[in-house]
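K.L.:
So that we are looking at the same thing, I have put the structure below in structure tokens.
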Amino acid sequence: MTDIIELIFDDHEWFRRQFAALDELKSRRRVEITAVEAVWTPLAKRLDLHAAAEEEIFYPQLLRVGEDAEAEAETLDAIGDHNDIRDGVRAAAGNPVLSEEWWAAVGRTRRANDEHMAEEEREGLADFRTAPDDLRESLGRRFAEYFLVHRTVSEVDTSDKDPKEYVREIEEDLDEDDNPGSLRIGSLKGR
1 MTDIIELIFD DHEWFRRQFA ALDELKSRRR VEITAVEAVW TPLAKRLDLH
51 AAAEEEIFYP QLLRVGEDAE AEAETLDAIG DHNDIRDGVR AAAGNPVLSE
101 EWWAAVGRTR RANDEHMAEE EREGLADFRT APDDLRESLG RRFAEYFLVH
151 RTVSEVDTSD KDPKEYVREI EEDLDEDDNP GSLRIGSLKG R
């Protein structure tokens, strides 16, 4: 079974391991830039792609199946967290690897990501466990396919999003779909 909840958890665990690998590299007497880049480059890419995939696939459905006020608050917070993560990734990219500024940007990215993952696991993902299994599997397939289609960050929008505008647009899309039997996935394709 390809369950979106499990796929998101898998990414979260991978993120934790990669940040721990950076800790290990930083603790060495002689820090090798190539080793750090080998960890950071795919980590930064996956952080950006993961946020974009959640925004396209997971959060619209959380707004659909969650309790209105709770799901909206969780989504607003998550989009804000994604912005903080993206800001940290961009700040790191703007500084020489291993510089004090670079490590500070990586640290900000990690703190934002840690906070986001904890809240998402405690709230959004926990709330989504009530979604039907077929929806979770369908979204899981889309989530997995997303990373096959989007192999680089140049293929996705990694700009910050206004959380309120994001929620408003998704809720408008959901309101336009008046077919009560629909999974409301079709109207979100290509977003």
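Numbering-wise (full-length UniProt numbering), the sequence shown opens with residue 1 and increments by one.
Glycine residues also receive a C-beta, built at the ideal position from the N, C-alpha and C atoms.
It should be emphasised that the depicted structure is a prediction, and the values quoted were computed from it without experimental measurement.
#1: Could you pull out every residue in the same chain whose Cβ sits closer than 6 angstroms to the Cβ of H82, ignoring the five residues on either side in sequence?
#2: In whole angstroms, what separates the C-alpha of F19 from that of A91?
#3: Report the rounded CA-to-CA distance for S159 versus R86, giving the unit in angstroms.
#4: Work out the CA separation of T152 and E67 for me, nearest whole Å.
#5: So, are the CB atoms of V97 and I33 less than 7 angstroms apart?
#6: From what residue to what residue does the alpha helix (DSSP H) around D157 run?
#7: Could you check if E172 is buried or exposed, using at least 16 other CB atoms within 10 Å of its CB as the buried criterion?
#8: Entirely within the UniProt domain "Hemerythrin-like" (3-123) and at least 4 residues each: give me those alpha helix (DSSP H) ranges in chain order.
#9: What does the Cβ neighbour count give for R168, buried or exposed, with the cut at 16 atoms within 10 Å?
#10: Going by C-alpha to C-alpha distance, which of R17, A35, R16 sits closest to L25?
#11: Specify the secondary structure class of L174 as computed by DSSP and reduced to three states.
#12: I'd like the list of long-range same chain contacts for E72, defined as Cβ closer than 7 angstroms, with 5 residues on each side in sequence excluded.
P.N.:
Short version:
#1: Position 82 of the sequence shown holds residue 82. A51.
#2: For this step, residue 19 is matched to residue 19 along the sequence shown. For this step, residue 91 is matched to residue 91 along the sequence shown. F19 and A91: Cα-Cα distance of roughly 17 angstroms.
#3: Taking the first residue of the sequence shown as 1, we reach residue 159 at position 159. Taking the first residue of the sequence shown as 1, we reach residue 86 at position 86. Cα-Cα distance, rounded: 8 angstroms.
#4: Mapped onto the sequence shown, residue 67 falls at position 67. Mapped onto the sequence shown, residue 152 falls at position 152. One C-alpha to the other measures close to 34 angstroms.
#5: Taking the first residue of the sequence shown as 1, we reach residue 97 at position 97. Taking the first residue of the sequence shown as 1, we reach residue 33 at position 33. Pairing V97 with I33 gives a Cβ-Cβ distance under 7 angstroms.
#6: Taking the first residue of the sequence shown as position 1, residue 157 is located at position 157. Unbroken run through D157: none, as it is neither H nor E.
#7: As a position in the sequence shown, residue 172 is number 172, starting the count at 1. Flag for E172 reads exposed.
#8: Runs of the alpha helix (DSSP H) lying entirely within the UniProt domain "Hemerythrin-like" (3-123), each at least 4 residues long, are 4-27, 33-53, 59-65, 68-93, 100-122 in chain order.
#9: As a working note, residue 168 is residue 168 in the sequence shown. Burial is judged here by how many other beta carbons sit within 10 angstroms of a residue's own beta carbon; R168 has fewer than 16 and is exposed.
#10: Taking the sequence shown and counting its residues from 1, one reaches residue 25 at position 25. Comparing alpha carbon positions, the residue from R17, A35, R16 closest to L25 is A35.
#11: Here residue 174 refers to the residue found at position 174 of the sequence shown. Correct three-state label for L174: helix.
#12: As a working mapping, residue 72 is identified with position 72 in the sequence shown. Taking E72 as the centre and dropping the five residues before and after it, the same chain places the C-beta of L63, V167 closer than 7 angstroms to its C-beta, in chain order.
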